[in-house]
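Below: one structure, written as structure tokens.
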Amino acid sequence: MDVETEAAGGPNLAERIRRLANGRSTLDVAQFQFVGIADIRKRYGARWSEKRDRVSQIATDFISRRIAQDDVLIAGADGFLLVFGSHAGQLAEQAARRISAELNTFFLGEPDLDDIQISSQHHAMSIDDFAAAFGAMLANVQKAAGPSDPVAMGFTPVWNARGGALSAFFVTPVEAATGDPLDWDRGSHRHAEMDQRKLKTSEIAMRSLWASGGRAIVGVAVHVSTLNSQQGLSRIVQTMAEFDRRTARYRLLRVSCIEPGYPRIYLGDILRTMRPHAPNIALGLDLNEPDLASIVKMQPTAIGFTISSRALDQAGPRADIHAKVGAAIELAKHHGVLVGVEGDLQPEHAMHFLQQGVSFICSPRIWPVRASLPSAELWPATRLLEMTQKTNAA
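If you're matching positions, the sequence shown starts at 18 in the numbering used here and goes up one per residue.
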């Protein structure tokens with residue numbers, strides 16, 4: 018199951034737990050806590066809050082892949098609470114031990130997480146005892162989760178460098194007052210809720226565009242953690258099952274925020290599950306991905322990299338970026354996979370990537386976010402050349 022469902026607009030936590038308790042005399046609960054939390058806080062000092070958020074997100078994704086849809090996972094300040102709907106008694110205790118052991122093994126294999134360990138403790142509790150022990154924790158989670166103001170949506174153009182056109186537009190959370198794009202994937206943990214909202218927005222916009230006779234490719238970036246949890250994946254599949262199948266070839270799904278070395282077995286599962294619903298799938302990768310060959314062999318429609326404009330302004334990092342993008346293009350070419358880049362790119366940056374052979378470029382600086390979904394439009398490479406020359410002459 019996906020903890021984000023509980024923490025961001027899904028069924029009320031207390032109500033879900035009441036459903037689990039229906040017909041039972043006890044609840045099976047596993048409490049996962051950081052080992053030596055006092056020492057950890059002291060060691061990290063002011064940095065612990067940021068570190069804890071990262072550990073919490075990683076652990077949430079890890080645990081979510083190992084529990085059933087009936088289980089309820091709740092993230093707390095210094096650990097997690099897992100209320101079992103799928104196991105009871107000794108089976109629940111064994112499941113809790115297995116999860117903590119596998120998570121600790123995972124942490125030991127990560128250089129910046131190898132000082133973090135989790136302990137688990139299983140309890141079989143009456144409903145009253147559970148409420149007394151964890152009622153305050155549930156209330157705090159619900160209070161922190163919302164309600165929140167709805168986020169506005171825009172459509173970020175993607176330039177098809179080969180075709181010389183703005184042919185695709187990605188649904189993008191934006192700042193309501195300014196229309197500027199929000200970095201939601203990296204600035205929030207509420208991925209599943211937002212991913213579902215973006216998909217629904219894309220369908221509404223697509224139907225409206227088709228009704229007016231227009232055509233464009235509509236893209237939606239879905240965070241990899243959403244697709245790698247049982248309940249998150251179910252939400253996405255159920256949402257897309259309601260889409261108009263006639264528009265399938267005009268849709269592009271990008272699996273975003275795939276970290277270097279991300280397990281290939283999980284990526285393979287995601288691609289196999291999503292292809293019947295989204296035949297065009299791109300993978301958003303890190304430039305430091307150590308084994309790009311194994312990814313392009315899976316034959317996604319495209320792979321893409323987020324480029325730091327700050328790094329491009331420095332000679333050393335810029336040369337490294339260009340070398341990695343060039344190598345990716347050559348490798349992907351042999352498997353029929355396209356390569357794209359995105360970021361706050363200047364015209365001269367985009368021109369260099371165009372000359373390298375990049376197929377798609379996305380830069381809100383060059384092609385601003387649109388308030389509504391437009392039809393595809395011609396945008397020849399000569400315009401980018403003119404912008405580059407004008408910038409260099411200034």
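Ideal Cβ placement from N, Cα and C applies to all residues, glycine included.
In or out: alanine 161 buried (at least 16 other Cβ within 10 Å) or exposed?
Unreliable placement is indicated for alanine 161, whose pLDDT of 48 sits below 50; the coordinate value is still reported in the next sentence. Burial call: exposed.
Is DSSP giving alanine 349 helix, strand or coil here?
Here alanine 349 sits in helix by DSSP.
Beta-carbon contacts of glutamate 365 that lie in its chain and below 8 Å, excluding the five residues immediately before and after:
Thr405, Thr408 and Asn409
Measuring CA to CA, which of Phe172, Ser184 and Ala178 is closest to leucine 199?
Phe172
I'd like to check one pair, phenylalanine 187 with alanine 238: are the Cβ atoms closer than 8 Å?
yes
Report yes or no: do three or more beta-carbon pairs, one from the stretch 386-402 and one from the stretch 227-235, lie closer than 8 Å?
yes
Contiguous alpha helix (DSSP H) assignments of at least 4 residues, all confined to the stretch 124-189
144-162
Using the Cβ count rule (16 or more neighbours within 10 Å means buried), how would you classify valine 354?
buried
The alpha helix (DSSP H) with isoleucine 253 in it runs from where to where?
247-258
Following the continuous alpha helix (DSSP H) through leucine 244, name the residue where it begins and the one where it ends.
241-244
Skipping 5 residues on each side, what residues in its chain have a beta carbon closer than 6 Å to that of histidine 351?
none
Kindly indicate which residue of Ile282, Leu284, Gly180 and Cys379 has the alpha-carbon position closest to the one of serine 325.
Cys379
Quick one: what does DSSP say threonine 290 is sitting in, helix, strand or coil?
helix
With 8 Å as the threshold, decide whether the Cβ of threonine 77 is near any Cβ in chain C.
Looking for chain C here will not work: only one protein chain is present.
CA-CA distance, alanine 193 and lysine 217?
18 Å
Where does alanine 299 fall in DSSP's three states?
Strand.
How many angstroms separate the CA atom of alanine 25 from the CA atom of phenylalanine 370?
Note that alanine 25 has pLDDT 35, beneath the 50 cutoff, so the model's placement of it is unreliable and the number below is only indicative. Whole-angstrom Cα-Cα distance: 39 Å.
Nearest residue (CA-CA) to serine 184, options Ala228, Ser73, Val375 and Arg268
Arg268
Selection from Ser246, Gly126 and Gln111 that minimises the alpha carbon distance to histidine 139:
Gln111
Arginine 41 (DSSP reduced to helix, strand or coil):
coil
Checking 8 Å against the spacing of the C-beta atoms, do glycine 73 and aspartate 88 come in under that value?
The question names glycine, but residue 73 in the sequence shown is serine. Their beta carbons are not under 8 Å apart, which means serine 73 does not touch aspartate 88 by this criterion.
DSSP has phenylalanine 97 in a bridge; who is on the other side?
Phe49 and Ala92
Tell me, to the nearest whole angstrom, how far the beta carbon of isoleucine 287 is from that of leucine 244; I am working on the premise that it is less than 8 Å.
5 Å
By a C-beta neighbour count over all protein chains shown, 10 Å radius and 16 as the cutoff for buried, is alanine 178 buried or exposed?
buried
On the premise that glycine 249 lies in contact with arginine 271, defined as a C-beta separation below 8 Å, what is that separation, rounded to the nearest angstrom?
The pair is not a contact, with the Cβ atoms about 16 Å apart (cut-off 8 Å).
Between the beta-carbon of isoleucine 133 and the beta-carbon of serine 117, is there less than 8 Å?
no
Scan the stretch 322-387 and note each continuous beta strand (DSSP E) run of 3 residues or more that stays entirely inside, going in chain order.
355-359 and 377-379
Rounding to the nearest angstrom, what Cα-Cα distance links methionine 291 and serine 251 in this structure?
11 Å
In the DSSP assignment, find the unbroken alpha helix (DSSP H) run with serine 311 in it and report its ends.
The continuous alpha helix (DSSP H) containing serine 311 extends over residues 309-313.
Cβ neighbour criterion (16 or more within 10 Å) applied to alanine 149
Counting every other CB atom within 10 Å of its CB across the protein chains shown gives alanine 149 a total below 16, marking it as exposed.
Specify whether the stretch 60-75 and the stretch 219-233 touch according to this definition: at least 3 beta carbon pairs, one from each stretch, less than 8 Å apart.
no
Three-state secondary structure (DSSP) of alanine 319
Here alanine 319 sits in strand by DSSP.
I need the boundaries of the alpha helix (DSSP H) containing serine 81, first residue and last residue.
Run containing serine 81: 65-81, per the alpha helix (DSSP H) assignment.
Which stretch, first to last residue, makes up the beta strand (DSSP E) that contains serine 273?
Here the beta strand (DSSP E) through serine 273 covers 268-273.
Roughly how many angstroms separate the alpha carbons of proline 190 and serine 311, rounded to a whole number?
32 Å
Reduced DSSP secondary structure (H/G/I, E/B, other) of leucine 401
helix
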